[in-house]
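Colleague: Please see the structure below; I have some questions.
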Amino acid sequence: MMRRPGLALKLSVLLMLGVVGAMVVDFSLTSGTDMDRARVLVFVSIALAMALLAAVVLDTLIIRPLVRLSAQARRMEDRGYAEPFVPTGLDEPRELGEALEHLRQRVLAEREELQRLNAELERRVEERSLALAAAQRALVEGERLVAVGRLGAGVAHEVNNPAGVILGRAGLLLDDAATPEAAEDLRVIMRQAERIREITGALLRLGRPSRGERGAVDLAAVARSAMELARHEAVARGVTLELSCQASEVDADAAALEQVAYNLIRNAVQASQEGGVVRLHVAGSTLSVSDTGSGIAPEAIPHLFEPFFTTKKLGEGTGLGLAVAHGIVRDHGGTLTAENLPERGARFVVRLG
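Under our numbering, the very last position in the sequence shown is 364; numbers go up by exactly one each time.
As structure tokens, then:
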């Protein structure tokens, strides 16, 4: 319980009065002249005034500062240590106030550090939780793609042989076609058979990892070669191809990387309108392909690398090009990502490990 500020003053006055009273009684018993009594009264008055003055000084310079410090220390926690200590009084109360202020500042600093560490811990826990969830999704997605790839490879193997027979027989019949109409029908059959073989070939590549020889590969040279392969289709669609790159050596399967680059370029060309531009950029172990098309629907981005998923019109795509490219990049220990550009179009980025 906090002491009242006037208690020390009252005690001091009472003590001094008691001392003076005892002296007066003692003096009265030993001396009785009028002059002596006058002197006693003067002495008592002076002593009383000094007692009062001492009590006031003691209360002002020591007792009240200590009481203020005590009261502030008691309410410091309730106010969040926000109220600073203001040292007053003599040296001892002032030093005590300075020590309490130093303690308050240390408590505030340690509290801020604790809050910072707590926020950092929460951030790291959230990051790790998101990373774990992403890893789990990637694992499930990877297992699903492997299963789809194996199933597709089995189907492709069974379909590829009949498609080859159809293509060969149609070629033989084309040489002996009786009418131009029959010849055109046979050409249609051959084109569709070729399309079947293209699809089954992509399924077979999807179902088995690349077994090509790896070695030192110039990623810029791979990009140039893939661009030349896609140039004919780009010109036919009125799309310009641009390449900016620097010599960059990576450990990879050159043929597989060329297929990745070609699939990405071809996909970008098909996504562009006439007059559009497809840009290839190579820097270090990163290859990016961007276009000036309409971009990718946000809901489609999570499914871009799934087999048979396509945003193209019916008959314009198999939905396997990006899935195959994704599988090849994954086999190389890299990543293939897609994003919409701020202005227009989309960008696919290959990052090799």
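Ideal Cβ placement from N, Cα and C applies to all residues, glycine included. Remember, predicted model here, so these are calculated numbers, not experimental data.
Work out the CA separation of asparagine 129 and methionine 238 for me, nearest whole Å.
Modeller: The straight-line gap from Cα to Cα measures roughly 52 Å.
Colleague: Is the CB-CB distance between threonine 211 and alanine 167 below 8 Å?
Modeller: Yes, the pair counts as a contact, with Cβ atoms nearer than the cut-off.
Colleague: Helix, strand or coil for leucine 125, going by three-state DSSP, please let me know.
Modeller: In the structure shown, leucine 125 sits in a helix (DSSP, three-state: H, G or I).
Colleague: Beta carbon of valine 300, beta carbon of leucine 268: below 8 Å?
Modeller: No, the Cβ-Cβ distance between valine 300 and leucine 268 is not below 8 Å.
Colleague: In three-state terms, what does DSSP make of alanine 188?
Modeller: The answer is coil: DSSP assigns alanine 188 none of H, G, I, E or B.
Colleague: Threshold first: 4 residues or longer. Then list the alpha helix (DSSP H) segments lying entirely within the stretch 223-301, N to C.
Modeller: As far as the stretch 223-301 is concerned, its whole alpha helix (DSSP H) runs of at least 4 residues are 230-248 and 265-282.
Colleague: How far does the beta strand (DSSP E) with alanine 311 in it reach, from first residue to last?
Modeller: Premise fails: alanine 311 is in no beta strand (DSSP E) and is neither H nor E.
Colleague: Should the stretch 308-320 be regarded as contacting the stretch 242-250, the criterion being three or more beta carbon pairs within less than 8 Å?
Modeller: Cβ pair count under 8 Å is below three, so no.
Colleague: Could you give the first and the last residue of the continuous beta strand (DSSP E) run that contains leucine 72?
Modeller: Looking at the DSSP string, leucine 72 is not in any beta strand (DSSP E), and its letter there is neither H nor E.
Colleague: Could you name the residues that DSSP lists as bridge partners for valine 78?
Modeller: Valine 78 pairs with nothing; no bridge assigned.
Colleague: Phenylalanine 359 by DSSP, collapsed to three states: which one?
Modeller: Residue state, collapsed to three classes: strand.
Colleague: Could you give the distance in angstroms between the alpha-carbon of glycine 344 and the alpha-carbon of valine 335?
Modeller: If you take the alpha carbons of glycine 344 and valine 335, they lie about 14 Å apart.
Colleague: Measure from the alpha carbon of glycine 364 to the alpha carbon of each residue in Arg290, Val261 and Asp302, then state which is nearest.
Modeller: The residue with the shortest Cα to Cα distance from glycine 364 is Val261.
Colleague: Do leucine 331 and proline 313 have their C-beta atoms within less than 8 Å of each other?
Modeller: Not in contact: leucine 331 and proline 313 (Cβ atoms no closer than 8 Å).
Colleague: What is the rounded straight-line gap between the Cα of valine 280 and the Cα of valine 136?
Modeller: Spanning the two alpha carbons is a distance of roughly 42 Å.
Colleague: Starting from leucine 331, trace the beta strand (DSSP E) in both directions and tell me its first and last residue.
Modeller: Where leucine 331 is concerned, there is no enclosing beta strand (DSSP E), given that its DSSP letter is neither H nor E.
Colleague: Among the residues of its own chain, which have a CB less than 6 Å from the CB of arginine 14, if the five just before and after it don't count?
Modeller: In this predicted model, arginine 14 has a pLDDT of only 46, less than 50, meaning its place in the structure is not dependable enough to derive any value.
Colleague: Please state whether DSSP places threonine 346 in a helix, a strand or coil.
Modeller: Residue state, collapsed to three classes: strand.
Colleague: Hey, would you say isoleucine 207 sits closer than 8 Å to valine 170, going by beta carbons?
Modeller: Against a cut-off of 8 Å, the Cβ pair of valine 170 and isoleucine 207 comes out as a contact.
Colleague: Just grab the DSSP bridge partners of asparagine 351 for me.
Modeller: Ala357, per the DSSP bridge assignment.
Colleague: Using 8 Å as the threshold, is the C-beta distance between alanine 181 and leucine 197 below it?
Modeller: Yes, the pair counts as a contact, with Cβ atoms nearer than the cut-off.
Colleague: From arginine 248 to serine 283, what does the alpha carbon distance come to, in whole angstroms?
Modeller: The alpha-carbon atoms of arginine 248 and serine 283 are separated by roughly 8 Å.
Colleague: Take isoleucine 276 as the anchor and find which of Thr303, Leu143 and Arg355 has the nearest alpha-carbon.
Modeller: The shortest C-alpha separation from isoleucine 276 is found at Thr303.
Colleague: Can you list, in chain order, the residues of its chain with a C-beta nearer than 7 Å to that of glycine 286? Leave out the 5 residues immediately preceding and following it.
Modeller: Correct list, in chain order: Gly249.
Colleague: So, are the CB atoms of valine 293 and leucine 333 less than 8 Å apart?
Modeller: Cβ atoms of valine 293 and leucine 333: not closer than 8 Å.
Colleague: Please report the Cβ distance between leucine 291 and glutamate 350, rounded to the nearest whole angstrom; I am assuming they are in contact, meaning their Cβ atoms lie under 8 Å.
Modeller: No, leucine 291 and glutamate 350 are not in contact; Cβ-Cβ is about 16 Å, not under 8 Å.
Colleague: Give me the residue from Ile339, Glu124 and Leu77 with the minimum Cα distance to alanine 110.
Modeller: It is Leu77 whose Cα lies nearest to the Cα of alanine 110.
Colleague: Taking the alpha-carbon positions, what's the alanine 120 to threonine 71 distance?
Modeller: Looking at the two C-alpha atoms, the distance is approximately 33 Å.
Colleague: Can you have a look at threonine 190 and say buried or exposed, based on whether 16 or more other CB atoms are within 10 angstroms of its CB?
Modeller: Burial call: exposed.
Colleague: My output table needs one value for serine 305: the three-state DSSP class, helix, strand or coil.
Modeller: If DSSP states are grouped into helix, strand and coil, serine 305 belongs with coil.
Colleague: Taking just the CA atoms, how far does leucine 64 sit from phenylalanine 54?
Modeller: Phenylalanine 54 and leucine 64: Cα-Cα distance of roughly 15 Å.
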